[in-house]
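Please read the structure below before turning to the comments.
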Amino acid sequence: MKKTLIITVNVIIMAAILVFVVLYAQYVNKDSYRRQVEHFENTTVTIERVTENYLEGEQSICDVWARYISSNSMTMEEAAEYIRSSHVLANASAHIVSVETKNGLSTRPKLGSSDDYKVSYERMDILKNADWIEEIGESINITRAYTNPMNGEQSLAFCNRITLKGQNGSKENAVLLRVIPISVLEQKWVFPQSELVNAELSIIDRSGDYILKGSGFKNSSFLEFYKSYNSSDTESSEELFSRIKSSTGSVTMLNSHGQECVLAFTPVSSKAGWTMLGIVPAKDLDIKNKNWVLFGVVSVGLLVLFLLDLHYTMYLNKRLQITARKAEAANKAKTDFLSTMSHDIRTPMNAIIGLTTIAEKNTADEASTKESLRKISLASNHLLTLINDILDISKVESGKLKLSPLTFSIVETVENLINISQPMIKEKNIEFSFHINQMEKEYLYTDQLRLNQIYINILSNAIKYTEPGGRVGVTLREDKSDVPGCVLLTYIVEDTGIGMSPEFMENMYTPFSRQVDSRVNSIQGTGLGLAITKQMVELIGGTIECQSEQGKGTTFTVALDIPVADRQREDMQLDPIDVLIVDDDEIMLQTAVDTLQSLGTSVEQAGSGLEAIGMIEHRHLAGKDYNVIIIDWKMPEVDGIETIRRIRSEIDADVPILLISAYDWSDIEDKAILAGANGFVSKPLFKSTLYDKINTLIGKESKSIEPEDDYSDLQGLNILVAEDNEINWEIISTLLSMYGITSEHAQNGKICLDMMSKAEEGSYTLIFMDVQMPEMNGLDATRAIRKLENPWAANIPIVAMTADAFSENITACLDAGMNGHIAKPIDVKLVIKEIRRIKEGR
Amino acid sequence: MTSMKKAVCILMAALMTLSLVACSKTKPKAAEEGFTPALDASVGGSIRIAGGYDNFEALEAEFDRFNEYYPNVELEYTKVDDYSNMIGTVLDGNDAPDIYVNYSWMYGRDQYKSSIDHAENLADPALGLDLGCIRENILLNTDDGSLPMVPVFSNTYGMLVNNDLFEKEGLSVPKTYQELVDVCKAFRDKGYANPMMGFSQQETTSVFTLVTYPYFCETVAGDPEAVEKLNSLDASAGEYMRPSLEKIDQFMKDGCVDLKACDEIENNYDAVILRFFEGDVPMMTCSGDTVSGTKKRESRSEAFIANPFAYSFVPIPMSDEGAVFLDMSNLQFSVNKNSSNLEMSNEFMRFLITQGELNEMAQNKGLMSSTVDLSFNSMYAAFGEVPEAKVLSPEEIGMSDDAVTQLRLAVFSVGRGDKTIDEAIAGYGSAE
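Heads up: the protein sequence lines correspond to chains U and Y, in order. Each number in my numbering corresponds to the 1-based position in the first sequence with 588 added. Each number in my numbering corresponds to the 1-based position in the second sequence with 4 added.
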C-alpha cells in the first residue's frame, strides 16, 4: 500500500473520529442545554413563588393598614400618622392620595425637607385612574415602577383604595400606596444560581406592560420589546404572547443586543393576567467549554498517535528497506557468486571436456594423449579445489565448520605442500625456497586437512600472484609454545609478487574479494581462499598476519599452537659418517648442517660446486672420502648436476651423492642419474627425510621408508567395494587392478553386509565403503558389520570412500566404526597409501 | 516522506487556522474612526443615565459600541416620571444618575435650578469633547461661558414629503411659497383631496405653528427690541405678529390644507404618521420629533406595508425667498458632577460627542443629528441645503416660552378662523 494512501486512510479515520466527537459533543451539548433550559424554567417558577409570597406579604401589610384606616374613619393626616407609627422598613414609605385631587400626604418628608409631607401624583399616570385597584384583600394591587415624587427614587407601590374622613365629615376616596424602592426589591429579586448571573426578571400584566422590569427588558411593553428585536409577523407575535400569558414554558428570542436569549415564563397565580418572565442569554445555558477541551485533547491525542504511528511505520519501513537492501545485496552477491562460479567452473570444465576430446582423437599419439590427460588432471584438481572452497566457505559462513583432529606427519604435510606447488613453480619458473627451522616434532595432532588448506592456500596465492621469474620463499619454524603440550608452528610465505593495495587489504578476508588488477583477472581463483584461510586459522586458535606493498610483494605469517602427538619417530641416529653438504643458500646450508649433526654425522659444508669439488678432491687425496655428499641442484656457476658429473669424472666414481632440489626433479632425473647421482631428496631437508635417504644410500634401509614403485606387497589382496555408482565402481576396481588388487562389488550397504555375513574368513583384506547408498547407507552397514558374530568379519578394516569430504563426515565415519576415510574424487596414491597403512596395521 | 510532511503541514495549518479563527476578535468599528480609550479597559461598573423616554434604544446601541472598548461597563437607563419636574429631586436623591437628559429652556428657572447646578461644565478642555462637531446654533453656553449640556439630537419644523407621489405626478418638492401653492393646486387637480395636512386640534405643534413659527422667527431675528417687547408680553408687541398672521391667513386662503380633514388627525404624533402612511397625502407638516417615530410605525401601518413609498423631511417654504431652517436642540446630555462614576461618565461622553457617534445615534433614533453634517441622512438632508442666512436658532433669538405660546395661540386661532388678525394681535399677552 502506498504511503500516501496509508496517510490518507489515517487522516480519514482521524477526521471520522473527530466528526464523531463533535457530533457526540453537540448531542451532549444539546441535551445539557435542554436540561439547563428546563432548569431555568423551574427556577423562574420557583422565583415566581417566592415573588408571589413577597408581593402577597407586602400587599397584606397594605391591606391591614387600609382596613384599619377605612374602618376607623380617619382623616388623611390621622391615617398618615397611623402608618408612620407602624412603619418598620427604613426605606419604605406610604402615600395617601386623594382620588379626586391626586394630591395627598407622605409618611416621610420630601427630600431636602423635614416637614414637607405633601405628595402629588397629578403628573403621574399611575393614579389617573384608580379603578384597577381591587377591593382590600382580593388581589395584589401593585403599580409599575415609577419615580417616587418625594425622593426621586425608582419605586413601586402596593395600593388599596381607602375611605377617609374628609372635611365636614364627608367621606373622601383615597388611595393608600405602600411605596417600596426598586433597589430593595432588586436585592431580593435575583436568580440564586451563579450560572444565571446574567438572568433578569420581569412581571407583565395582561396587556404586556411591565409591572416589574429587569434592565434587560426594553420598551414599556414586553410585546413591543419582542417585536422591536425579533422579526416576526403580528399574528405570530400575538400567538406567542398568548402562549406566554397562559402557560409555563420557554422560548428563544433575541434581546436588544441581538443576542439569542431564553425567555422563561409562568403565570403569577395570585394575580390573574400577570406573567413572570425570566430572560437569560442562551450562551449562559450552553456550556461548551469542556467539549472544546475534549475536542482539543482528542485532536492532539490523535495527532500525536498519528505522528507516532507514522514515525514507527517509517522506522519499520526504513528497517525493511535496509533488510531489503541487504537481501538485494545478498541476492546480488549470490548472483555474482553464481556468475563467478559459472565462469570458474566452466573454465576447467572446458579444459577437461576439450582435452578429453583431443585425447580421444589422438589415442594413437601416446605422448599427446598423456599430455592431454596430464592437463585434464590439472584442470580436475583445480575444479576440485574450487568445489572444496565453495563448500568450505558455505560451512564457514553457516558456522558449521568443525575441526577433526588427527595425528599426522608435518613432514608429509610439507612434502604434499611442495608436491602440489611444484607444477606451478615450474610452469612459472619461479625461484622457490623452503626453509625449515628447528623442526623437532614430526607428528602433530590437529585437523591435518584444514592445516593443509591453510598452508596450500597461502602458498598457492603467493605462487599465483608472483610474476614468472619472481621469488617465493617459505619458512616453517617450530618454536616453544605457551600452550602446554603444543609447539608454536610459524609458517611464513614471502613473495615478490604483485602485492596488494591498502584498500584491498582492508577487505581481503571477505569472501569473493579479488584485487582489481589486470594481472589478477588473468589468474584463476575463487576469491574464497583467504576468507577460508582466516576462518580456519581462527578456528584452530592461531593468528594470520599480512604485510604487502603493491608491486613489491607480500608476506603472510601464520602462527598456530598445535598439540604434539603422542607418537614420535624413535631416536634417529646415523653412524658417525662424514657428510658434505653443498648449497649456495646459506640458511639452507646451516639448517641442513644442524640437522645432519643432530643425526650424529660429521658434516662439512661448501657454498658452491667448485668449492665442493675442491673439498672432495682434497679428501679423496687424503684418503678420507666423504661417506655421503649432498648437493643442491640449483647453484650459480656450476649447478648440482655439473658438480656431480665432475666429481664422478674427475675424483670419485663411487661416493654416494644425493641431489637436492626444491623443484620438481622429474625433468632432471635422467640427467642427474647420467651425471652420477645416486638419489634425490626434496627440500626442505627434514631430519627424518635425511635419515631415511642417507640410510638408504649407505645400505641401511629404514623401516619407515615406504616402497615407492614396488607394489608387490599388494599382490593378491582382495577388497570388497560397497558402491552404488557403477562408474565409480568401475574406476576403483580398474585402479586397484593396476596394482594387482582384486575387488568385489556390493551395490549397497545391505548387500555388503550380506556378503560379509556369508564371507569366509580372510576373503577380503578390507572394505571400501561408500556412505550414501540406497537401502542401507555405508554408516549403517559399518555398524551392522561391526556387530557381526564372526570376529574376523566384525573387525575387518573398513575405509570410507565417499564424496562426503568434510571433517565431520570423517568423524561420522570413524564414529560408525570405520578405520579410515578417502574422499572422492579419489587420488590413487592416497588409496594405495591407505591400503598399505591398513595392511601394516598402522 | 514528502507526503508525510505535506500531511503534517496541512494538519498543522488547519490547527493554526482554527486557533486564529478562535482567537481573532473583530476590530471595534469605532477604533477605525480614531477613538482611543483613556482608562483601563478592564474597569467594570455601570453608568446610570436618566431620561424621559420609556426606552432609549438608540442609546443602548451607542453603548454597545462603547462596550467594544469597555466591555465590563454596563448601561443602566432609567425613565424618570414627570421628568422635567422630577429630575432635580432625582439628582438630589439616592438614585441620582451619572448622566441625565437636560433642556436648555431650564436655564434661569428656579424650579429647574437643580438640573443645571448638578451639571458638569462640558466645555472644560480637560474632558476632550469634540464640541466642534456640533452646530453652533444649538450649542448654548451659559453667561459665564460654561456648558452644562450638549445636544445629542436636534429638532426642527417641516413637512414629511411623499417622494414617490411627487415623482409619480411629475412634480418637484417646492422651494418657495408660490411653488408650494402651485404644487398643492396641481395635486388637487390630480385628484388629491389633501395635498398638505397637519395636526390641527391643538395649538401645540399644530400645522399653523409648524408653518408660521419659522417664518415669524425670521421676521424678528436681529431685532432685539421686538424680541424684548414680545417677551414682555406687552399687548403692543402683538403687531410684530402681523406679518406671520397674514401669512397663515393667506396660506389657509390659498387652500393648501383642508382644515376639516386635518381635524380628523387625533394627535400630533402617531395619528400624524399613520395618516401620512395612508399614502394619499403628498405633504404632512410635523416636527422632527414626529419624524423620529416614522420608522417604527411603518410596520404598524397596513397601508404602508401594502404600498410602501419613499419619504423625506423638508423645510416648509413660506416665502418666495425660500424656507427657513429653524434649528432647535432636542435632547441634551449633562454629566452629574457629583457622580461617583464621573471618570467613566466623562469617558463615555468623550466617546459619544463625535460627529460619527452622534450621527449614528441620531440615525438610530430617527431624529435630526446635532452635528454640522446633515447630509449623511437622506431624511434630513434637505435641511443641510438651506443657506446659512436662513438657519435660525430660537434660543439665539431669545424668545421666551410664554411669548412663543402667545404666538402659537394667535396663529392657531387665526388659522382656524376663530379670530381675525386684528383680534389676535390685540389679544397678545393675554391669550389662553
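The beta-carbon is built from N, C-alpha and C at its ideal position, and this holds for glycine as well.
Neighbour flag for residue i against chain Y, beta carbons, 8 Å
i	result
U/Gly740	yes
U/His845	yes
U/Tyr900	no
U/Asn807	yes
U/Arg766	no
U/Arg711	yes
U/Tyr903	no
U/Tyr814	no
U/Asp703	no
Range covered by the beta strand (DSSP E) that runs through residue i
i	result
U/Phe571	In the structure as shown, chain U starts at 589 and stops at 1430, and residue 571 of chain U therefore has no counterpart that could be examined.
U/Asp1220	1216 to 1220
Endpoints, alpha helix (DSSP H) assigned at residue i
i	result
U/Ser708	From DSSP, U/Ser708 is part of no alpha helix (DSSP H) but of the beta strand (DSSP E) over 706 to 708.
U/Ala1194	U/Ala1194 -> not in any alpha helix (DSSP H); beta strand (DSSP E) instead, spanning 1190 to 1194.
Collapsed DSSP secondary structure at residue i in the structure displayed
i	result
U/Met1160	coil
Y/Leu151	coil
Y/Met16	For Y/Met16, the predicted structure reports a pLDDT of 47, less than 50, and the residue's modelled location is therefore unreliable. The matter cannot be settled from this model.
U/Phe996	strand
Y/Lys2	For chain Y, the structure presents residues 5 to 436; residue 2 of chain Y sits outside this window and is missing.
U/Asp977	helix
U/Ala1310	strand
U/Gln1138	coil
Y/Asn166	strand
Y/Phe157	strand
Chain Y residues whose Cβ lies nearer than 9 Å to that of residue i
i	result
U/Pro737	Asp85, Asp86, Asn89, Met90, Thr93
CB contact check: residue i to chain U, cutoff 8 Å
i	result
Y/Thr82	yes
Y/Glu64	yes
Y/Tyr58	According to the sequence as given, residue 58 of chain Y is Asp; it is not Tyr. With 8 Å as the cut-off, Y/Asp58 counts as an interface residue toward chain U.
Y/Glu72	no
Y/Glu364	no
Y/Glu61	yes
Partner residues on chain U for residue i, Cβ-Cβ distance less than 9 Å
i	result
Y/Asn235	Under the 9 Å cutoff, chain U gives no residues; its nearest Cβ is about 27 Å from Y/Asn235.
Y/Glu124	Near Y/Glu124 there are no residues of chain U at all, since even the closest Cβ is about 19 Å away, more than 9 Å.
Contact list for residue i against chain Y, beta-carbon separation under 7 Å
i	result
U/Gly700	Asp96
U/Met841	Residues of chain Y passing the Cβ test: none, with the nearest at roughly 16 Å.
U/Tyr734	Asp85
U/Ser803	Glu80
Supposed contact pair residue j and residue i - C-beta distance, whole angstroms, cut 8 Å
i	j	result
U/Ile1384	U/Leu1354	6 Å
U/Leu1278	U/Thr1183	6 Å
Y/Gly283	Y/Phe308	7 Å
U/Ile770	U/Ala745	That belief does not hold up - the Cβ atoms of U/Ile770 and U/Ala745 are roughly 11 Å apart, past 8 Å.
U/Asp977	U/Gly1117	7 Å
U/Gly692	U/Met712	With a Cβ gap of about 12 Å, U/Gly692 and U/Met712 do not count as contacting.
U/Asn739	Y/Gly55	Wrong, their Cβ atoms sit about 19 Å apart, outside the cutoff.
Chain-ordered neighbours of residue i on chain U, where CB pairs are closer than 8 Å
i	result
Y/Asp68	His845
Chain-ordered chain U contacts of residue i [CB-CB under 7 Å]
i	result
Y/Asp99	Gly740, Glu741, Gln742
Check: residue i C-beta below 7 Å from any heavy atom of the ligand ZN
i	result
U/Ile1051	The ligand ZN is not part of this structure, which contains no ligands at all.
Interface flag, residue i vs chain B, CB-CB below 8 Å
i	result
U/Ile1219	Of the protein chains in this structure, namely U and Y, none is chain B.
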